[in-house]
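Accompanying notes for the structure given below.
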DNA sequence: GTCTATAATTAGATAGAC
DNA sequence: GTCTATCTAATTATAGAC
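Protein chains in written order, with our numbering: chain A, 10 to 196; chain B, 10 to 196.
Right, dumping it as structure tokens:
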């Protein structure tokens, strides 16, 4: 693996664990086993490297979510597969976590991939729920877009509660609760 | 207002907006209009001041949540009052947001009030939902503790989605969605 | 209690040698 | 491409005068 690649992957890890404000160029260099000069040769600075890492994290998140949401089966099975997919719960969401970072929110460039990824996820969840309504799996009064936002919020909030508690249990329970509420809507 | 009080309140504001890692002693001093010496006279350092500010934010959060949850009416009305209480949505949750901060999570002392406050909220939501089940407002198969975690997660996740989008809409929609799911459980 | 001086460390980067 | 030297500002304090 070349240096630029090691730098990006190290930044992905550190952004995920410590956020943008909590990640220094020095920490990135040490994690990537690259020198100062090397880092500044490949990237103009911290924010440019962070942008590459955030985009990469966004790509990976989309691929993993899409894998669950495009599996064969009913709409409920797809949502369930998404909710129960393997996650490093205590690390939090690699994209959603950045929404708490003041420097990310202050930069239109760094914020864009965060916004776009969550918008994409919302659209995918909405499409799957709409498919469920069309097939008579859910009642016609279930609004796909609204419910998609709720499901996405349960996942993001589940991460927050789990990290605060230092335990995966709140995430698991939050997901279980929303699934039960959704199941009771099934015809 | 005396200096110690101004320092605590300034730290409350800054922790809420920028987190612990993103808040420097200098920024606190400027916001509080206090000098270096003054700050270090009243508090041993950043973390001691942050602890006081986090505890204060936790108290305020509890008071505001309790105000909604103890209003007269049905369980559903209490939950609804909690969900729709006035919030500075784009600022995020003053307690939940800290669960994303690496230095908060790494310190048992700073983390404790975060954990405790969310645990308290969970217990209060659970009690109100249990009351709703007892009174026949919700079906007996609704598990209060699980549903309380889901509701709490929707709120925390709603904040995350709203901040990422730069709009209050996702929060409002996430709350609306969980309320509709909950209403459909009503007898 | 508050102020100013001082300081060790890190953050974030530039310049130029190799 | 990578390394080392250098640099300015910020971070997080401590010391001692007033």
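Just so it is clear, CB atoms sit at the ideal spot from N, CA and C, and this is done for glycine as well.
For residue j and residue i, believed in contact at Cβ under 8 Å, the rounded distance
{"i": "residue 104(A)", "j": "residue 134(A)", "result": "About 15 Å; that fails the 8 Å criterion."}
{"i": "residue 1(A)", "j": "residue 83(A)", "result": "As displayed, chain A neither begins before 10 nor continues past 196, which places residue 1(A) out of reach and without an answer."}
{"i": "residue 8(A)", "j": "residue 130(A)", "result": "Here chain A has residues from 10 to 196 only, and residue 8(A) is not among them."}
{"i": "residue 160(B)", "j": "residue 187(B)", "result": "6 Å"}
{"i": "residue 123(A)", "j": "residue 178(B)", "result": "The pair is not a contact, with the Cβ atoms about 16 Å apart (cut-off 8 Å)."}
{"i": "residue 56(B)", "j": "residue 116(B)", "result": "7 Å"}
{"i": "residue 166(B)", "j": "residue 165(A)", "result": "3 Å"}
{"i": "residue 66(B)", "j": "residue 23(B)", "result": "The pair is not a contact, with the Cβ atoms about 11 Å apart (cut-off 8 Å)."}
Closest by C-alpha distance to residue i, when choosing among the options
{"i": "residue 51(A)", "options": "175(A), 152(A), 153(A), 16(A)", "result": "16(A)"}
{"i": "residue 99(B)", "options": "189(B), 171(B), 182(B), 18(B)", "result": "171(B)"}
{"i": "residue 30(A)", "options": "43(A), 106(A), 41(A)", "result": "106(A)"}
{"i": "residue 183(A)", "options": "163(A), 63(A), 169(A)", "result": "163(A)"}
{"i": "residue 110(B)", "options": "34(B), 97(B), 28(B)", "result": "28(B)"}
{"i": "residue 102(B)", "options": "42(B), 142(B), 26(B), 85(B)", "result": "26(B)"}
{"i": "residue 42(A)", "options": "96(A), 192(A), 55(A), 18(A)", "result": "18(A)"}
{"i": "residue 181(B)", "options": "180(A), 189(A), 156(A), 168(A)", "result": "156(A)"}
{"i": "residue 89(B)", "options": "54(B), 137(B), 113(B)", "result": "137(B)"}
{"i": "residue 190(B)", "options": "158(A), 168(A), 169(A), 37(A)", "result": "158(A)"}
{"i": "residue 113(A)", "options": "140(B), 61(B), 169(B)", "result": "169(B)"}
{"i": "residue 96(A)", "options": "54(A), 69(A), 61(A)", "result": "69(A)"}
{"i": "residue 175(B)", "options": "185(A), 125(A), 132(A)", "result": "125(A)"}
{"i": "residue 185(B)", "options": "86(B), 53(B), 92(B), 154(B)", "result": "92(B)"}
Near-chain A residues of the stretch 143-161 of chain B (beta-carbon distance less than 9 Å), N- to C-terminal order: 148, 150, 151, 152, 154, 155, 156, 157, 158, 159, 160, 161
Inter-stretch contact at 8 Å, needing at least 3 Cβ pairs: the stretch 39-52 of chain B / the stretch 10-28 of chain B: yes
Chain A contacts made by the stretch 18-52 of chain B, where a contact means CB separation under 8 Å: 26, 27, 28, 30, 31
The stretch 73-80 of chain A in contact with the stretch 75-90 of chain B per 3-pair CB rule at 8 Å: Under the three-pair Cβ rule at 8 Å, the stretch 73-80 of chain A does not count as touching the stretch 75-90 of chain B.
Cβ pair count under 8 Å reaching 3, the stretch 31-40 of chain B against the stretch 64-74 of chain B: Segments in contact, no.
Three CB pairs or more closer than 8 Å across the stretch 143-151 of chain A and the stretch 144-151 of chain B: no
Length at least 4, wholly inside the stretch 13-66 of chain B: the alpha helix (DSSP H) runs in chain order: Within the stretch 13-66 of chain B, the complete alpha helix (DSSP H) runs of at least 4 residues fall at 34-41, 45-51.
Short-range partners of chain B found in the stretch 114-125 of chain A, where Cβ spacing is below 9 Å: 114, 120, 123, 124
Whole alpha helix (DSSP H) elements within the stretch 101-179 of chain B, 4-residue minimum: 111-115, 117-143, 153-174
Proximal residues, the stretch 60-88 of chain A versus chain B, C-beta separation under 7 Å: none
Chain-ordered residues of the stretch 161-179 of chain A with a beta carbon less than 9 Å from chain B: 161, 162, 163, 164, 165, 166, 167, 168, 169, 170, 171, 172, 173, 174, 175, 178, 179
Against chain B: residues of the stretch 85-109 of chain A by CB proximity under 7 Å: 101, 105, 106, 108, 109
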